[in-house]
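Chemist: Here it is, the structure, as structure tokens.
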Amino acid sequence: MPDVDPIPLSQLTTLRTGGVPAHLVDAHSAEELVEALRSVWADGDSWFVLGGGSNLFVGDEPFDGTVIRVRSTGIEELPGSDPDHVRLRVQAGHDWDALVAETVERGLAGIEAMSGIPGTVGAAPVQNIGAYGQEIVQTLVEVELIDEATGDVSVVSAAELGLGFRTSVLKQHYGSVPQRSAVILSVTLELERVGHGERPIAGEQLRGALGVAAGESVSLRWIRDHVLATRARKGMVLDAEDPDTWSAGSFFQNAIVSEAFARTLPAACPKWPMAPELDPVTVIPLAAFDGILPPPPVERREVKVSAAWLIENAGLSRGFRFPRSRAGLSTKHTLALTNRGEATAAEIAQLARFVQSRVAAEFGLILQPEPVLVGVEL
19 MPDVDPIPLS QLTTLRTGGV PAHLVDAHSA EELVEALRSV WADGDSWFVL GGGSNLFVGD
79 EPFDGTVIRV RSTGIEELPG SDPDHVRLRV QAGHDWDALV AETVERGLAG IEAMSGIPGT
139 VGAAPVQNIG AYGQEIVQTL VEVELIDEAT GDVSVVSAAE LGLGFRTSVL KQHYGSVPQR
199 SAVILSVTLE LERVGHGERP IAGEQLRGAL GVAAGESVSL RWIRDHVLAT RARKGMVLDA
259 EDPDTWSAGS FFQNAIVSEA FARTLPAACP KWPMAPELDP VTVIPLAAFD GILPPPPVER
319 REVKVSAAWL IENAGLSRGF RFPRSRAGLS TKHTLALTNR GEATAAEIAQ LARFVQSRVA
379 AEFGLILQPE PVLVGVEL
């Protein structure tokens, strides 16, 4: 497949950093994507796949390898598991928010709270994107992907992807390689047919974010409009005129810690249990009961804590930046590290390391970056 003229990655990523790749290939269909990947794997070149560029932090030096830009689009409607549901098979390069808008227009529920998230559909399962209590794991049925190890294309169920909080077996976490090196070609979701009328919002987190009382009814369109407005107030909807949106979204993940560690943090720090607390039930056959109950099992639960709260309470306010630096925290949301105008990756990395060091010194916890880092170290 022929190269296209290389473009600086600073023009193709929302954080606006990155040098010129040696090769840039555009794949406009799943077939072209498979062809491009098999070719680069056979040559043994360095490579990575680029969707919307919203979850990448790329270094300043030229990338000595091949960047494959996924530009395949299209939505295919399939029968659902029952008459009240429908399945959509969506090509990997399709814009995520365009998909959400389409589902709302069709009266299909399940991803409306994830309105405004930048990026492409193929990237969504890789980090199990989510917002306001909705995650793609709740609607994902399967993905079609190609494995680097074999070059084979297969359909893989959602259950095989190890989907967790902002993670999957496909995600390259900072300092590690993915458990399964593969590229998604298409994604199949199952959504509920609810139409355009009003209905109660089930999720407490979404109700709280939108100021909706329990039992109050709203439409999918109302949810989408208000989620977009809420994200825009936080600088989390891309805007070419607003430097607060020149970011990779939330640069640091909300931390997942043990329940014991969470108790060492200040009471004011927002915390969310990762699993419900259930009363243990012990069943003992009557013939075996000797009058003594065994102690209940000790469960080591995990708790999610707010990275934004940790940053702000480590003394870093919104808009913080070093003197003369072109990188700074968003003036709307401390989780976003922003490019205030032609910042280098080195400037953004310096700020990221400082944020990590301040939170670690204050709370004993090292925040982990959420975007994939290419050619840059923290």
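Count the sequence shown with this note's numbering and you get residues 19 to 396, in order. All C-beta atoms, glycine included, are put in the ideal place defined by N, C-alpha and C.
#1: Whole beta strand (DSSP E) runs in the region 64-137 with 3 or more residues, listed along the chain?
#2: Mapping the DSSP letters down to three states, classify Leu296 as helix, strand or coil.
#3: Could you check which residue in Thr91, Thr32, Leu33 and Trp240 has the C-alpha nearest to that of Ala45?
#4: With which residues is Asn357 paired in a DSSP beta bridge?
#5: Quick one: complete beta strand (DSSP E) runs, 3+ long, within the region 177-246?
#6: Work out the CA separation of Val118 and Arg107 for me, nearest whole Å.
#7: Is the region 368-384 touching the region 321-340 in the sense that three or more CB pairs, one from each, lie closer than 8 Å?
#8: Express the C-alpha separation of Gln197 and Leu385 in angstroms, rounding to a whole number.
#9: Report, in whole angstroms, the separation of the C-beta atoms of Ser268 and Glu320, which I expect to be a contact under 8 Å.
#10: Just grab the DSSP bridge partners of Phe270 for me.
#11: Between the C-alpha atoms of Gly77 and Val67, what's the straight-line distance to the nearest angstrom?
#12: Reducing DSSP to helix, strand and coil, say where Gly140 ends up.
#13: Taking the DSSP output, what are the residues bridged to Gly148?
#14: Give the DSSP-derived three-state secondary structure of Asp61 in the structure shown.
#15: Start and end of the beta strand (DSSP E) containing Ser175?
#16: Using a Cβ-Cβ cut-off of 6 Å (strictly less than) and excluding sequence neighbours within five positions of Asp165, which residues of its own chain qualify?
#17: Quick one: what's got a C-beta closer than 6 Å to Arg87's C-beta in the same chain, skipping five residues either side?
#18: Give me the Cα-Cα distance between Leu347 and Gly98, rounded to the nearest whole angstrom.
#19: Report the CB separation of Leu181 from Pro143 in whole angstroms; it is logged as a contact under 8 Å.
#20: Using DSSP's beta-bridge definition, name the partner residues of Val323.
#21: Can you tell me whether DSSP reads Asp308 as helix, strand or coil?
#22: In three-state terms, what does DSSP make of Glu365?
#23: In chain order, what residues of the same chain have a beta carbon less than 8 Å from the beta carbon of Ser186, not counting five sequence neighbours either side?
#24: Should Pro341 be labelled buried (16 or more other beta-carbon atoms within 10 Å of its own) or exposed?
#25: What is the rounded straight-line gap between the Cα of Met254 and the Cα of Thr349?
#26: Roughly how many whole angstroms lie between the Cα atoms of Glu160 and Cys287?
#27: Might you give, ordered along the chain, the residues of its own chain that have their beta carbon closer than 8 Å to the beta carbon of Arg339, omitting 5 neighbours on each side?
Modeler: According to the structure data:
#1: Counting only unbroken stretches of 3 or more residues, the beta strand (DSSP E) elements lying wholly within the region 64-137 are 65-68, 74-76, 81-88, 93-97 and 103-109, in sequence order.
#2: Here Leu296 scores only 49 on pLDDT, less than 50, and its place in the model should not be relied on; the value that follows carries that caveat. DSSP places Leu296 in coil when its eight states are reduced to three.
#3: Closest option to Ala45, Cα to Cα, is Thr91.
#4: The partner list for Asn357 (beta bridge, DSSP) reads Ala345.
#5: Listed in chain order, the complete beta strand (DSSP E) runs (minimum 3 residues) inside the region 177-246 are 200-211.
#6: Separation of Arg107 and Val118 (C-alpha to C-alpha, rounded to the nearest whole angstrom) is 13 Å.
#7: A contact between stretches requires three or more CB pairs, one per stretch, nearer than 8 Å, and the region 321-340 meets this requirement with the region 368-384.
#8: The alpha-carbon atoms of Leu385 and Gln197 are separated by roughly 22 Å.
#9: Not confirmed; about 19 Å, so no contact.
#10: DSSP, once it has assigned bridges, lists Pro387 as partnering Phe270.
#11: Between the alpha carbons of Gly77 and Val67 lies a distance of about 16 Å.
#12: DSSP places Gly140 in helix when its eight states are reduced to three.
#13: DSSP lists Glu153 as partners of Gly148.
#14: Of the three classes helix, strand and coil, the one that applies to Asp61 here is helix, per DSSP.
#15: In this chain, the beta strand (DSSP E) harbouring Ser175 covers Val171 to Ser175.
#16: Only Ala200 meet the Cβ criterion.
#17: A distance below 6 Å between beta-carbons, with the five flanking residues on each side excluded, links Arg87 to the following residues of its chain, in chain order: Asp44 and Leu68.
#18: Leu347 and Gly98: Cα-Cα distance of roughly 43 Å.
#19: Taking 8 Å as the upper bound for CB-CB distance, Leu181 and Pro143 are in contact here, some 7 Å apart.
#20: Val323 pairs with Ala273 and Lys289.
#21: Here DSSP, grouped into helix, strand and coil, assigns Asp308 to coil.
#22: In this structure, Glu365 counts as helix in the three-state DSSP scheme.
#23: Within the same chain, and ignoring the five residues on either side of Ser186 in sequence, the residues whose Cβ sits closer than 8 Å to its Cβ are Pro143, Val144, Gln145, Asn146, Leu179 and Gly180.
#24: Under a 10 Å Cβ-count criterion, Pro341 is classified as exposed, with fewer than 16 other Cβ atoms of the shown protein chains found around its own Cβ.
#25: Those two C-alpha atoms are separated by around 12 Å.
#26: Roughly 36 Å between the two C-alpha positions.
#27: Ala345, Gly346, Leu347, Arg358 and Leu369, listed in sequence order.
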